[in-house]
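Notes follow the structure.
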């Protein structure tokens with residue numbers, strides 16, 4: 004793992020996928036075979052046939068149980084998947100300006116070169132291995148549940164979902180911040196509130212219409228958002244002064260803002276795991292998409308950063324959110340500034356729909372595992388997780404009044420705790436289930452994987468240590484809610500106040516759950 008290139012090549016070198024298990028003949032009267040239906044069971048009675056242990060040979064991943072409408076076939080191919088990963092992680096260089104303001108050009112450039120090796124590549128490698136090992140929509144939740152048990156799997160789901168919703172609350176804020184220079188009324192008050200509500204409703208509708216719509220929207224938005232940076236880079240060439248890239252003042256560095264900005268712009272590679280059940284040929288498509296997305300994201304940051312810091316004299320006080328639009332005006336004129344602002348707005352739309360897709364499918368996957376009430380597994384007529392979308396959109400609206408810096412710090416704090424559970428689960432699964440089928444395997448032994456994770460773990464400790472007291476207290480309070488929420492849901496299940504069920508087509512984790520009898524399909 005000595006360089007980004009070597010790590011990325013390792014990510015793309017895939018072994019042949021495991022041969023599929025022989026088909027199982029459907030019992031008489033079972034209906035259409037493409038529905039992936041759950042075997043009927045009486046209420047409170049056992050399912051017909053025991054689910055195999057997770058990670059065992061012969062495990063077959065199928066669709067939703069009959070208690071929900073049959074979803075559309077896996078719809079995500081590699082190109083839309085690359086752009087969805089791009090938007091879940093990055094969305095373009097909008098938001099990286101604070102790294103220059105906090106530490107100067109040299110440390111900003113060095114950070115976006117070093118952190119992908121320390122953090123992004125290891126996280127992408129883990130996602131490739133575990134995402135193909137467990138190709139279902141609960142994603143990292145089932146990774147942790149398989150290694151540490153359902154209780155900690157729920158905590159992982161709570162922390163990651165809350166972190167994702169906090170992250171998504173940022174995008175309406177950034178969207179309006181980029182537009183308020185042209186439309187001052189969007190700076191606050193009723194117009195800003197109405198704009199946040201309208202934007203959230205519009206983008207939620209895109210998620211409701213399905214992942215095919217989200218994937219192609221991500222492609223179109225991605226191309227439109229990156230083109231002005233390509234143009235700005237060419238325009239900047241005659242004005243580049245390489246000596247400006249080397250400017251640094253180690254006595255004047257805001258390490259908290261610097262690390263949080265880098266970390267926020269280079270994490271969330273594992274978010275795509277909650278869409279694993281929707282990917283065509285997950286075993287091959289997911290690792291390749293992660294490989295190309297790593298290159299896409301790193302180049303997408305370094306190219307405009309080199310152009311902006313090399314062509315314009317340094318004024319660190321100006322390097323805050325939205326400063327790339329001012330650089331575009333200085334280099335190319337007002338037309339490029341307006342294009343940059345429009346691109347920023349479109350980029351935030353792309354990040355919103357990608358993040359909401361992952362958050363909502365995660366809730367669906369947790370419901371299929373019996374960790375949440377069964378109504379979270381309800382799919383719309385487009386195959387999308389209706390209740391998960393509505394819950395995620397509500398969380399975004401509640402948190403959209405927070406400032407940019409508060410949002411970034413709070414989500415990073417929660418995300419760090421989730422990643423510690425994820426790293427531990429990855430190592431434990433290597434130790435306890437070394438022979439479990441892994442369509443893609445990180446080309447390192449268990450000791451090598453531990454060494455790979457040491458720098459990433461040190462980065463997590465640094466981010467947590469540099470958090471402000473306010474952020475730490477709020478985040479720890481959110482974690483405490485999760486610790487209480489899981490036993491509360493178990494109590495609700497025991498009292499049968501809400502219906503919980505497990506998809507019998509998935510490998511079993513919690514033997515205490517039994518699949519419930521299927522309900523009538525609910526199409527929305």
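Numbering (the numbering used here), first residue to last: 4 to 527. In this text, a Cβ means the ideal position worked out from N, Cα and C, and glycines have one as well.
Where the alpha helix (DSSP H) containing residue i begins and where it ends
i	result
residue 344	337-371
residue 202	192-211
residue 283	Element bounds for residue 283: n/a, residue is neither H nor E.
residue 219	214-239
residue 242	Run containing residue 242: none; DSSP gives neither H nor E here.
residue 496	472-497
residue 390	389-402
residue 144	143-151
residue 108	108-118
Inter-residue spacing [alpha-carbon to alpha-carbon] between residue i and residue j
i	j	result
residue 537	residue 218	Nothing about residue 537 can be reported from this structure: the residues present for the chain run from 4 to 527 only.
residue 125	residue 155	22 Å
residue 276	residue 242	43 Å
residue 380	residue 505	10 Å
residue 209	residue 216	7 Å
residue 258	residue 440	42 Å
residue 142	residue 478	23 Å
residue 493	residue 293	36 Å
residue 377	residue 278	19 Å
residue 434	residue 415	29 Å
residue 255	residue 402	32 Å
residue 204	residue 165	19 Å
residue 508	residue 266	37 Å
residue 93	residue 319	23 Å
residue 89	residue 83	10 Å
residue 68	residue 149	Residue confidence is low: residue 68 scores 36 on pLDDT, short of 50, so the model does not pin down where it sits. Its coordinate-derived value is still stated next. Those two C-alpha atoms are separated by around 21 Å.
residue 394	residue 227	30 Å
residue 151	residue 345	45 Å
residue 321	residue 305	19 Å
residue 114	residue 233	21 Å
residue 244	residue 169	39 Å
residue 469	residue 421	18 Å
residue 501	residue 187	48 Å
residue 542	residue 442	Nothing about residue 542 can be reported from this structure: the residues present for the chain run from 4 to 527 only.
residue 528	residue 81	Absent from the model: residue 528. The displayed extent of the chain is 4 to 527, so no value can be given.
residue 260	residue 98	12 Å
residue 223	residue 247	34 Å
residue 221	residue 490	38 Å
residue 487	residue 480	11 Å
residue 417	residue 240	41 Å
Backbone secondary structure at residue i - three-state DSSP
i	result
residue 256	coil
residue 275	helix
residue 316	coil
residue 502	coil
residue 125	helix
residue 138	coil
residue 433	helix
residue 446	coil
residue 79	strand
residue 382	strand
residue 96	coil
residue 270	coil
residue 509	coil
residue 322	coil
residue 455	helix
residue 250	coil
residue 297	helix
residue 374	coil
residue 469	coil
residue 186	coil
residue 180	helix
8 Å contact criterion, which residue i and residue j should meet: CB distance rounded
i	j	result
residue 167	residue 324	Going by Cβ atoms, the distance from residue 167 to residue 324 rounds to 21 Å, so no, they are not a contact pair.
residue 310	residue 236	4 Å
residue 127	residue 297	6 Å
residue 264	residue 117	Not confirmed; about 14 Å, so no contact.
residue 95	residue 229	6 Å
residue 211	residue 383	6 Å
residue 391	residue 366	4 Å
residue 358	residue 78	Not confirmed; about 18 Å, so no contact.
residue 269	residue 119	6 Å
residue 308	residue 112	6 Å
residue 100	residue 295	At roughly 26 Å, the Cβ-Cβ gap does not stay under 8 Å, so residue 100 and residue 295 are not in contact.
residue 374	residue 153	7 Å
Contact with chain B by residue i, beta-carbon distance below 8 Å
i	result
residue 275	Among the protein chains of the structure shown there is no chain B, as only one such chain exists.
* To do: Report yes or no: do three or more beta-carbon pairs, one from the region 168-182 and one from the region 344-358, lie closer than 8 Å?
  => Short answer: they touch.
* Quick one: any contact between the region 418-433 and the region 445-465, if contact means 3 or more CB pairs under 8 Å? -> Result yes; three or more Cβ-Cβ pairs closer than 8 Å.
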